[in-house]
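>
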Amino acid sequence: MSTENTSSQFENIREKFGRFRILIVGRANAGKTTILQKICNTTENPEIYDGDGNKIDPSRIEGSMGRGIHDVENELIFRSNDKFVFHDSQGFEAGSKVEFERTKKFIADRANTTYLKKRLDAIWYCIPMDKIDRAIQRSEEIFFGECDPNNVPVVVLFTKFDALQAKAVLKLAPSDRRLPLQEKLSKLPPLMEEIFNSADVWGRLAKMAYPPKCSVRLENIHKGNEGHNILVENTAAVLSNEVLQMLFVSAQETNIGLCVKYAAERVIISGIGRMCNTGFSHSREEQICRLVCWFPHFQWVSCAFWDVGGCGDADHFMSTHHPALAIIVVCELCILGCWWLW
Ligand SMILES: Nc1nc2c(ncn2[C@@H]2O[C@H](COP(=O)(O)OP(=O)(O)OP(=O)(O)O)[C@@H](O)[C@H]2O)c(=O)[nH]1
Ligand SMILES: [Mg+2]
Numbered sequence: 008m009s010t011e012n013t014s015s016q017f018e019n020i021r022e023k024f025g026r027f028r029i030l031i032v033g034r035a036n037a038g039k040t041t042i043l044q045k046i047c048n049t050t051e052n053p054e055i056y057d058g059d060g061n062k063i064d065p066s067r068i069e070g071s072m073g074r075g076i077h078d079v080e081n082e083l084i085f086r087s088n089d090k091f092v093f094h095d096s097q098g099f100e101a102g103s104k105v106e107f108e109r110t111k112k113f114i115a116d117r118a119n120t121t122y123l124k125k126r127l128d129a130i131w132y133c134i135p136m137d138k139i140d141r142a143i144q145r146s147e148e149i150f151f152g153e154c155d156p157n158n159v160p161v162v163v164l165f166t167k168f169d170a171l172q173a174k175a176v177l178k179l180a181p182s183d184r185r186l187p188l189q190e191k192l193s194k195l196p197p198l199m200e201e202i203f204n205s206a207d208v209w210g211r212l213a214k215m216a217y218p219p220k221c222s223v224r225l226e227n228i229h230k231g232n233e234g235h236n237i238l239v240e241n242t243a244a245v246l247s248n249e250v251l252q253m254l255f256v257s258a259q260e261t262n263i264g265l266c267v268k269y270a271a272e273r274v275i276i277s278g279i280g281r282m283c284n285t286g287f288s289h290s291r292e293e294q295i296c297r298l299v300c301w302f303p304h305f306q307w308v309s310c311a312f313w314d315v316g317g318c319g320d321a322d323h324f325m326s327t328h329h330p331a332l333a334i335i336v337v338c339e340l341c342i343l344g345c346w347w348l349w
């Protein structure tokens with residue numbers, strides 16, 4: 008199989024599946040928008056499109072956005088990374104049956120659609136830890152108790168985990184309270200852990216009819232903490248097949264280490280395993296193409312070096328993209344180059 012064939016196969020996959028689609032659920036003020044911005048490496052608000060792809064004027068829904076009320080059918084796309092499309096469920100923290108039914112129908116329709124471009128690929132459910140005593144309310148009970156995600160993986164995001172610090176301070180032993188600030192801070196994580204464990208949020212979710220696949224703790228995301236990398240890693244790990252994993256891993260641009268990990272595992276290690284077992288191995292060109300499919304800058308790399316689709320060259324790429332991006336691509340190519348020589 009030629010390099011060009013393998014490249015166009017991946018392009019066909021992208022063409023067929025479109026953007027990686029994520030539904031984010033959670034009560035108002037849970038930190039949903041902040042995490043989406045972090046994933047897309049921006050501080051801008053997303054552009055909003057209706058279910059038919061028409062752009063919506065944000066001023067038309069400004070009042071409702073402020074209250075955290077969004078139409079689950081609307082598509083949110085950040086200009087900084089348009090390989091993702093997000094849906095923000097209407098907050099159903101009050102246990103509103105109407106909102107819940109709408110979200111449930113959305114999940115059922117999008118999970119089962121054969122039109123892959125509209126398919127829902129993952130669900131992120133946010134539970135803020137600033138109100139840990141009320142972490143599981145009616146909305147969580149009905150979502151995890153009555154809403155079949157139809158094999159779409161659900162990841163729980165324990166957002167604002169840093170809020171447990173204030174509660175942990177109250178649990179400090181009297182002798183520890185007199186310690187210098189840094190030492191005092193070092194005593195807090197085990198206490199935060201204790202508070203989190205005693206609330207048994209994960210244990211209660213795990214016993215429900217449709218338990219989440221996994222959870223991540225996110226803290227100080229609004230202050231630039233890099234915890235979102237764990238979310239990216241865990242989401243990739245629970246996706247049901249390699250095509251979806253490739254779409255997700257190559258769509259995200261914030262965790263290049265993850266791209267390297269999947270490229271190494273899925274191409275190099277599995278290739279060596281296949282060669283040992285069957286004696287069959289792909290050509291070098293095809294292996295390289297398979298490797299770059301896991302990287303976000305795949306199109307530019309392939310354009311620049313193999314001129315796939317005749318859309319550019321390396322000089323053009325370097326002059327038209329941000330220098331940091333160019334450095335990442337050069338690093339990717341170094342890794343690939345080393346592997347080629349080896
Ligand atoms: N302490 C803390 N605050 C956070 C964190 N992430 C976000 N916030 C703050 O929480 C508030 C709400 O964040 P948003 O991202 O707007 O929450 P949202 O869920 O999109 O809210 P709605 O759109 O109104 O439903 C903002 O003031 C954020 O700065 C975090 O990790 N820790
Ligand atoms: Mg929001």
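Heads up: the sequence shown begins at 8 in the numbering used here, then just goes up one per residue. C-beta: ideal position from N, C-alpha, C; glycine also.
Thinking C-alpha only, which one of Asn119, Lys104, Thr120 is nearest Ile149?
It is Lys104.
> What does the Cβ neighbour count give for Tyr132, buried or exposed, with the cut at 16 atoms within 10 Å?
The residue in question, Tyr132, is buried, as its Cβ has 16 or more Cβ neighbours within 10 Å.
> Would you identify the three-state DSSP class for Glu200, choosing helix, strand or coil?
Helix.
> In angstroms, rounded to a whole number, what distance separates the CA positions of Asn158 and Ala118?
Each residue's Cα considered, the two are about 8 Å apart.
> Compare the C-alpha of Asn48 against each of Ala180, Glu226, Asp89 and name the closest.
The candidate whose alpha carbon is nearest that of Asn48 is Asp89.
> What's the call for Ser66, buried or exposed, on a 16-neighbour Cβ count within 10 Å?
Exposed, because fewer than 16 other Cβ atoms sit within 10 Å of the Cβ of Ser66.
> Could you check the C-alpha separation between Glu249 and Asn236 for me, to the nearest Å?
Spanning the two alpha carbons is a distance of roughly 19 Å.
> Could you check the C-alpha separation between Trp81 and Asp95 for me, to the nearest Å?
The amino acid occupying residue 81 in the given sequence is Asn; Trp does not appear at that position. Straight-line Cα distance between these residues: approximately 8 Å.
> Is the beta carbon of Leu212 closer than 8 Å to that of Leu225?
No. Outside cutoff.
> Assuming Gly33 is part of the alpha helix (DSSP H), what are its boundary residues?
From DSSP, Gly33 is part of no alpha helix (DSSP H) but of the beta strand (DSSP E) over 27-33.
> Decide yes or no for the touch test of the segment 46-61 against the segment 183-192: beta carbon pairs closer than 8 Å, at least 3 of them.
They do not touch, by the three-pair rule.
> Below 8 Å, how does it come out for the segment 106-121 and the segment 136-155: are there three or more Cβ pairs, yes or no?
As far as the Cβ criterion goes, the segment 106-121 touches the segment 136-155, which means the pair count is three or higher.
> Within its chain, find whatever has a CB closer than 6 Å to the CB of Phe312; leave out the 5 residues flanking it on each side and keep chain order.
Residue placement at Phe312 cannot be trusted, given a pLDDT of 45 that sits under 50; the coordinates are not used to answer.
> Can you list, in chain order, the residues of its chain with a C-beta nearer than 6 Å to that of Asp322? Leave out the 5 residues immediately preceding and following it.
The pLDDT assigned to Asp322 is 46, lower than 50, so where the model puts this residue is not dependable; a value taken from the coordinates is nonetheless given after this. Result list for Asp322: empty, nothing under 6 Å.
> Provide the residue span of the beta strand (DSSP E) that contains Cys133, from first to last.
From DSSP, the beta strand (DSSP E) with Cys133 extends over 129-135.
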